[in-house]
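Chemist: As given, the protein sequences belong to chains A and X, one line each in that order. If you use my numbering, the first sequence corresponds to residues 13 to 263, in order. If you use my numbering, the second sequence corresponds to residues -13 to 638, in order.
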Amino acid sequence: MDKNISFTLKVWRQRGPKEKGAFATYEMKDIPGDTSFLEMLDILNESLVNKGEEPIVFDHDCREGICGMCSLYVNGHPHGPATGATTCQLYMRRFKDGDTITVEPWRSAAFPVIRDLMVDRTAFDKIQQAGGYVSINTGGMPDANALPIGKDIAEEAMDAAACIGCGACVAACKNGSAMLFVSAKVSQFALLPQGKPEAAKRAKSMIAKMDELGFGNCTNTRACEAECPKCISISNIARLNREFIKAKLKD
Amino acid sequence: MAKISSIKVDSKIPEGPLAEKWTNYKAHQKLVNPANKRKLDIIVVGTGLAGASAAASLGAMGFNVLNFCIQDSPRRAHSIAAQGGINAAKNYQNDGDSVYRLFYDTIKGGDYRAREANVYRLAEVSGAIIDQCVAQCVPFAREYGGLLANRSFGGAQVSRTFYARGQTGQQLLLGAYSALNYQVSQGTVKVFTRYEMLDLVIIDGRARGIIARNLVTGKVERFAAHAVVIGTGGYGNTYFLSTNAMGSNGSAALQCYRKGAWFANPCYAQIHPTCIPVHGDKQSKLTLMSESLRNDGRIWVPKKLEDAKALQAGKKHPNDIPDEDRDFYLERRYPAFGNLVPRDVASRAAKERCDAGFGVNNTGLAVFLDFKYAIQRLGEDVVRQRYGNLFDMYEEIADTNPYKEPMMIFPAIHYTMGGIWVDYELQTSVPGLFAIGEANFSDHGANRLGASALMQGLADGYFVLPYTIQNYLSDQIQVPRFSTDAPEFVAAEKAVTDKIAKLMAIKGKRSVDSIHKELGHVMWDYVGMARTKESLETALKKLAEVETLFWSDLFIPGAADTLNVELEKALRLLDFIEIGKLMAYDALNREESCGGHFREEHQTEEGEAKRDDENFSYVACWKYTGDGQEPELIKEDLNYQYIKVQQRNYKN
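1) Closer than 9 Å between beta carbons: that is the criterion. Which residues of the segment 547 to 573 of chain X meet it against chain A?
2) Say whether chain A places a C-beta atom closer than 9 Å to the C-beta of isoleucine 28/X.
3) Could you give the uninterrupted runs of the alpha helix (DSSP H) lying entirely in the segment 82 to 148 of chain X, keeping only those of 4 residues or more?
4) From which residue to which residue does the alpha helix (DSSP H) around alanine 180/A run?
5) Can you tell which of Ala68/X, Gln57/X, Lys25/X and Ile285/X has the C-alpha that lies nearest to the C-alpha of methionine 47/X?
6) Cβ of arginine 99/X within 9 Å of Cβ of cysteine 607/X?
7) Does glutamate 531/X pass the burial test, meaning 16 or more other C-beta atoms within 10 Å, or should it be called exposed?
8) In the DSSP assignment, what are the bridge partners of isoleucine 89/A?
9) State the DSSP-derived secondary structure class of threonine 114/A, mapped to helix, strand or coil.
10) For alanine 342/A, which residues of its own chain have a beta-carbon under 7 Å away from its beta-carbon, when the five flanking residues on both sides are left out?
11) Run the CB neighbour count on aspartate 471/X, radius 10 Å, all protein chains shown included, and call it buried at 16 or more, exposed below.
12) Among the candidates Lys337/X, Ser497/X, Gln79/X and Glu552/X, whose CA atom is the shortest distance from the CA of glycine 593/X?
13) Taking Cβ positions, are glutamine 118/X and methionine 153/A nearer each other than 9 Å?
14) Ignore the nearest five residues each way along the sequence and tell me which others in serine -9/X's own chain have a CB closer than 8 Å to its CB.
15) Is histidine 502/X helix, strand or coil by DSSP?
16) If I measure Cβ to Cβ from lysine 528/X and keep anything under 6 Å in the same chain, skipping five residues before and after, which residues do I get?
17) Does the Cβ-Cβ distance between phenylalanine 227/A and alanine 122/A come in under 9 Å?
18) Anything in chain X within Cβ reach of glutamate 58/A, meaning under 8 Å, just list it in chain order.
19) Using 8 Å for Cβ pairs, my map puts alanine 174/A next to glutamine 153/X. What's the rounded Cβ distance?
20) Go to tyrosine 626/X, then tell me how far its alpha helix (DSSP H) extends in each direction, as first and last residue.
21) What residues of chain X sit near methionine 153/A, judged by a beta carbon separation below 8 Å?
22) Taking the runs of the beta strand (DSSP E) that are 3 residues or longer, which of them lie wholly in the segment 362 to 395 of chain X?
23) Sorted by chain position, which residues of the same chain lie with C-beta nearer than 7 Å to alanine 213/X's C-beta, five sequence neighbours on each side aside?
24) If we ignore side chains and look at the alpha-carbon of each, how far apart do alanine 34/A and arginine 329/X end up?
25) Strictly below 7 Å CB to CB, what residues from chain A border valine 170/X?
26) Do glycine 266/X and threonine 99/A have their C-beta atoms closer together than 9 Å?
27) Go through its chain and collect everything with a Cβ distance to isoleucine -1/X's Cβ below 6 Å, but skip five positions before and after it.
28) Taking CB distances under 9 Å as the criterion, tell me whether histidine 72/A reaches chain X.
29) From the DSSP output, which residues share a beta bridge with isoleucine -1/X?
30) Going by C-alpha to C-alpha distance, which of Gln362/X, Ala384/X, Arg363/X and Pro388/X sits closest to tyrosine 373/X?
31) Please state the DSSP three-state secondary structure of arginine 597/X.
32) Considering only DSSP beta bridges, list what lysine 15/A is partnered with.
33) Between serine 48/A and chain X, is any beta-carbon pair separated by less than 9 Å?
34) Would you decide whether glutamine 362/X is buried or exposed? Buried here means 16 or more other CB atoms lie within 10 Å of its CB.
35) Using 8 Å for Cβ pairs, my map puts glycine 405/X next to alanine 425/X. What's the rounded Cβ distance?
36) Check whether chain A comes within 9 Å of lysine 621/X, counting only Cβ atoms and requiring the distance to be less than that.
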């Protein structure tokens, strides 16, 4: 059985995008180790509501590591200290009695704070709308087995497609770059035959949109790869660069 | 006794033999020409598999689509969490699959409580879904020869499930999301994120728009359209603890119900057999372990009660119990299907063993799912390749290594087969209002088979609604765009803002979640896996108490005209209470056991569900009659012309 722990929580609170934020401090007592990090915040919020105060606002939904909604910067790491896990998959047994735990929102010019720990990630949707698709309508497709695809290629595409669009890569990057996110989608499509016809156009338009929306550039620090909850590899960035250069050479 | 309405139900099933109905329908339905499509607006609420695929397909056809979701991006819809796979009658494995067999398995799996024509159409379009997804670059699992791989799911003896590791829902949803993004780039679809539908607007008897709250600004806004499509998922969170996402809710469906759309078969809720057991009272949700694990995992509890007691007390390790002392109860009871019996059967069997005292964790509410045998047979690497991400997920939550010791699992609320009633065209009883995906009631009968939800969501969105909605819209081409200044919009908006003001004014002492947990306990204890007349009558009394508590002691901090998460949750909870009552009414009325609905009074000597086809072979549609009033019951008779209705048999 997991032990109960007590600790100090420092949480970023900010009323709105233009307002000044500050850390608020909360003392947490006797939290069971098998409580998830978000359930721990639920406990805190319940106590705030019971005192007549407004709860801490944070994004979350599936609570099983796949929707990409949760987005907390815990003790200086996007999604906290665990590797290959989202915030909702983080359990309190990872922390020690007497710890001070700092919780902040994603910090990036492209992700403005909405309130407290909730940020606006519509920039990610806009990048996808700039080219993250195959230009087809519904119906009239060839049989799914008409075109064999090597198992290794399909697996590699799946590795890239596993991205959950949470934005941890941007939050981890000192430049606020979205290259890992963009490259995961570009790679998935560039690897598969159905995505190849538009591969060049896609790489160019998604990168142009990324630049336009205020994301920074990649300087190969690999922080994104280290913090990605789905362990998306930066080899995808290399593939994106190749696709981008190929496209530019054709211009 | 429920008041029975004399309304005669027309489900608009096309004429002709079963296999030709959909073809005949498509050949004779009315169409809208391309120039007119641009003049027609369609609101699609929800961006899951059904909503996103519908919005993208309707946009591609040239309609002007407004697509709404409560999350920060369409890609977050809870379809994303579906793990195991999607069924399709491709017969790529040459193992005897066919459209008929998928149809038959789905009808049988649903315990003969679904419409033949709808289910046949579902099976018929299933193959095209896989073609569509492959064209979108969905990276399905493949064999070394480069062709698509399949696996088996519960309730089937063929291998027809397509999958992308344990993340099939994610990949299919991202495929639909990419199709949606293409349409956004083309200007045919406009997406409204962080918006929640709070009412349906009806003008002259037809659905003409919605009232939605901008969740960031708190502003209540009006949106008009020629037709409204609801694809907002199920109502499993009525139970508080479920495998649904925290935001999943039944409110859009319930608003439609309050505006005249019938709610069908609300009591059919699916309890998934393989979830991680409940661990404490602060838990916020239950995590599903994919049904695909039952392909290779073996489910067991100890044969000896003393071993179970030792496990419960933490005095014995599961690996210390020898094979001969293990009771593989599914293999014992159902030799033909073994560990791959349908979900309702597997869940009840687990409950039966735990009720008899053989549960294996400290609460006595868990059974083992063991991969020891698969690892002996296939090696750890193959098992890791098939289920690695699921094992990692389990280890992170449960803090034990499933490669070394068996997983512990227990049933949990997962999916709701009931929902808004629709006819063959997916149109509700309100003209111009359509319901798709889990939000409707149509294809799964009393129990959904694994890997069929993804199939149905995408079938509705890609290949059914885009046809049937035209049949409705064809006579709407002369109808100009509606002004949201119409008195119906003004009245609907006022009703919403009044309701919000009323909630804010309660100013009691209880948080939304604390009341929601009470609702959840009532539902699980009295409207759960096994129901009786007595438990359901108790449920109705207790639900009335929860409702009183809500209206007298709820506290919502903050203000209504800004972002307010507690207010969002309160509005949903109010609807969950109403849905809970509907479920109890329906379960009380249905004096038989079928699929996910088990009445203890109606079981065979062996403890299997006992249907009453003579009296209950109908869809129970509930019609709203006013707040605080009992709803009216409308019966849609189910007529089986093409298959023989029989007792489900998974034994031999």
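No residue lacks a Cβ here, since even glycine has one placed at the ideal position from N, Cα and C. Computed from a prediction, not measured in an experiment: that's the story for all the values here.
Modeler: Concretely, from the data shown:
1) Flagged, chain order: Thr548, Leu549, Asn550, Val551 and Glu552.
2) No, its Cβ sits nowhere closer than 9 Å to a Cβ of chain A.
3) Complete alpha helix (DSSP H) runs here, min 4: 85 to 95 and 102 to 121.
4) Segment 180 to 184, the alpha helix (DSSP H) holding alanine 180/A.
5) The shortest C-alpha separation from methionine 47/X is found at Lys25/X.
6) Against a cut-off of 9 Å, the Cβ pair of cysteine 607/X and arginine 99/X comes out as no contact.
7) The residue is exposed, with fewer than 16 neighbouring Cβ atoms inside 10 Å.
8) The residue asked about is misnamed: residue 89/A is histidine in this sequence, not isoleucine. Checking the DSSP bridge columns, you'll see histidine 89/A partnered with Val86/A.
9) Strand.
10) In the structure displayed, chain A extends from 13 to 263; residue 342/A sits before or after that span and is not available.
11) With fewer than 16 other Cβ atoms within 10 Å, it is exposed.
12) The residue with the shortest Cα to Cα distance from glycine 593/X is Lys337/X.
13) At a Cβ-Cβ threshold of 9 Å, glutamine 118/X and methionine 153/A count as neighbours.
14) Listed in chain order, the non-local C-beta contacts of serine -9/X below 8 Å within the same chain comprise Lys609, Glu618, Leu619 and Ile620, local neighbours out to five positions each way being set aside.
15) DSSP places histidine 502/X in helix when its eight states are reduced to three.
16) A distance below 6 Å between beta-carbons, with the five flanking residues on each side excluded, links lysine 528/X to the following residues of its chain, in chain order: Val508.
17) The answer is yes: Cβ separation under 9 Å.
18) Residues of chain X passing the Cβ test: Ser497, Asp499 and Ser500.
19) Correct: roughly 7 Å between the Cβ atoms.
20) From DSSP, tyrosine 626/X is part of no alpha helix (DSSP H); its letter is neither H nor E.
21) Ordered by position in chain X, the residues that pass the 8 Å Cβ test against methionine 153/A are Ala114, Asp117, Gln118, Val120 and Ala121.
22) Complete beta strand (DSSP E) runs here, min 3: none at all.
23) Hits under 7 Å: Ile28, Ala193, Gly418, Phe420, Ile455, Tyr458 and Leu459.
24) Rounded to whole angstroms, the separation of the alpha carbons of arginine 329/X and alanine 34/A is 49 Å.
25) Neighbours of valine 170/X on chain A, chain order: Gln141.
26) Cβ atoms of glycine 266/X and threonine 99/A: not closer than 9 Å.
27) Contacts found: Ala103 and Tyr410.
28) Yes, contact with chain X.
29) None, per the DSSP bridge assignment.
30) Closest by alpha carbon: Pro388/X.
31) DSSP, reduced to helix, strand and coil, places arginine 597/X outside both helices and strands of the structure shown, so it counts as coil.
32) Beta-bridge pairing links lysine 15/A to no other residue.
33) So, interface residue.
34) That one is exposed.
35) So it is a contact: roughly 5 Å between Cβ atoms.
36) Taking Cβ atoms only, chain A never reaches closer than 9 Å to lysine 621/X, which makes this a no.
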